[in-house]
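Peer 1:
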Amino acid sequence: MRISFLFQLSNNNISKDYRRGFASIIKNAIYKADKQLYQIYYLGKHKIKPFTFSVYFSYSPEFKDNKFIVGDKAILNVSTNDYRFASQLYNGMLSMYDISYPIFENKITLKAIKL
450 MRISFLFQLS
460 NNNISKDYRR
470 GFASIIKNAI
480 YKADKQLYQI
490 YYLGKHKIKP
500 FTFSVYFSYS
510 PEFKDNKFIV
520 GDKAILNVST
530 NDYRFASQLY
540 NGMLSMYDIS
550 YPIFENKITL
560 KAIKL
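The numbering of the sequence shown is our numbering, which starts it at 450 and goes up by one.
(1) Using 8 Å as the threshold, is the C-beta distance between Ile557 and Met542 below it?
(2) Any idea if Leu538 is buried or exposed, counting beta-carbon neighbours within 10 angstroms, 16 or more meaning buried?
(3) Does DSSP put Ile474 in a helix, in a strand, or in coil?
(4) Output the distance between the C-alpha atoms of Lys496 and Leu486, rounded to the nearest integer angstrom.
(5) Find out if the Cβ-Cβ distance for the pair Ile463, Lys516 is shorter than 8 Å.
(6) List the endpoints of the continuous alpha helix (DSSP H) containing Ile489.
(7) Alpha carbon to alpha carbon, what distance is there between Thr529 and Ile552?
(8) Applying the criterion that 16 or more other CB atoms from any shown protein chain within 10 Å of the CB defines a buried residue, is Ile474 buried or exposed?
(9) Enumerate in chain order the residues of its own chain whose CB-to-CB distance from Ser507 is below 7 Å, with the five nearest sequence positions on each side excluded.
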């Protein structure tokens, strides 16, 4: 199952470590939706997560001053075969809809979800 999340960025640059910020968004969404599932995957010993993700920017990234110039939109694609994880991620992201979330020096806002 693949879910896409469209985010609006507050400015057009993002840290070169942006993937860690998007992983934080996924982690926060799971925490908000299902604390038991959060404990299974994120507390205690390292555990393999049942998902993979990628980030696509609307503008071809350009590296400048230790940051990427990426435009004002980002799409987070998450793939998983675990229906519980997918449904809780979806529910957690719905609770974050239209709320600004900090990623390093930038803030992003969820604007759309596509299944």
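For every residue, glycine included, the Cβ atom is placed at its ideal position computed from N, Cα and C.
Peer 2: According to the data block:
(1) Cβ atoms of Ile557 and Met542: not closer than 8 Å.
(2) Classification for Leu538: buried.
(3) The three-state secondary structure of Ile474, taken from DSSP, is helix.
(4) The straight-line gap from Cα to Cα measures roughly 12 Å.
(5) Using a Cβ distance threshold of 8 Å, Ile463 and Lys516 count as a contacting pair.
(6) Here the alpha helix (DSSP H) through Ile489 covers 484-491.
(7) Distance between the alpha carbons of Ile552 and Thr529: 23 Å.
(8) It is buried - the Cβ of Ile474 has at least 16 other Cβ atoms within 10 Å.
(9) Non-local C-beta neighbours of Ser507 in its own chain, meaning closer than 7 Å and more than five positions away in sequence, comprise Gly520, Lys522, ordered along the chain.
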